[in-house]
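Quick note: the sequence shown uses the numbering used here, first residue 185, plus one each step.
Ideal placement from N, C-alpha and C gives every residue a C-beta, glycine not left out.
Just so you know, these numbers come straight off a predicted model, no measurement behind them.
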Amino acid sequence: MKVIADVCIVPLGVGVSVSKYVAECERIFEKAGLNPQLHAYGTNIEGEWDAVNEAIKNCHEKIHEMGAPRISSTIRLGSRIDRNQTMQDKIDSVKSKLGSAT
Numbered sequence: 185m186k187v188i189a190d191v192c193i194v195p196l197g198v199g200v201s202v203s204k205y206v207a208e209c210e211r212i213f214e215k216a217g218l219n220p221q222l223h224a225y226g227t228n229i230e231g232e233w234d235a236v237n238e239a240i241k242n243c244h245e246k247i248h249e250m251g252a253p254r255i256s257s258t259i260r261l262g263s264r265i266d267r268n269q270t271m272q273d274k275i276d277s278v279k280s281k282l283g284s285a286t
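The following block contains the structure:
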């Protein structure tokens with residue numbers, strides 16, 4: 185089953201800058217072929233249910249390996265079976281209604 189996920193993974197106990205941890209997760213998502221789209225407060229990814237969840241698990245494991253004692257994650261998942269729809273399809277749909285499709 186295909187899913188689109190919005191993931192915010194926050195290492196705790198590592199100071200105020202978390203960009204190096206975010207970068208590692210981006211590498212994991214990219215390597216998994218999940219078309220990561222970084223935004224200011226997380227990353228959108230898309231793929232098969234198991235692949236998405238496995239990549240999130242791998243991200244947690246990597247961050248712990250990097251020394252983070254705790255991680256807090258917020259994960260929103262959406263699936264649909266009536267038709268295929270990518271993240272870009274969803275964005276394009278809204279932009280077309282705004283009259284600014286690119």
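Those residues which DSSP pairs with residue i across a bridge
i: Asp190; result: Asn228 and Arg260
i: Ile255; result: Pro195
Buried versus exposed, by CB contacts within 10 Å (16 or more), residue i
i: Gly199; result: exposed
i: Pro253; result: exposed
i: Ile188; result: buried
i: Ile240; result: buried
i: Glu214; result: exposed
i: Val236; result: buried
i: Thr227; result: buried
i: Gly231; result: buried
Distance cut-off 7 Å: residue i Cβ against heavy atoms of the ligand FMN
i: Lys186; result: In terms of ligand content, the structure shown is empty, and the ligand FMN therefore cannot be addressed.
For residue i, the first and last residue of its enclosing alpha helix (DSSP H)
i: Met271; result: Met271 to Leu282
- Jot down the residue ranges of each uninterrupted beta strand (DSSP E) in the stretch 200-238, minimum 3 residues, whole runs only, in chain order. 221-223 and 226-232
- Message: Pairs of beta-carbons, one from the stretch 236-247 and one from the stretch 205-223, closer than 8 Å: are there three or more?
- Response: yes
- Counting Cβ pairs, one atom from each stretch, are 3 or more of them under 8 Å apart for the stretch 213-229 and the stretch 254-274? yes
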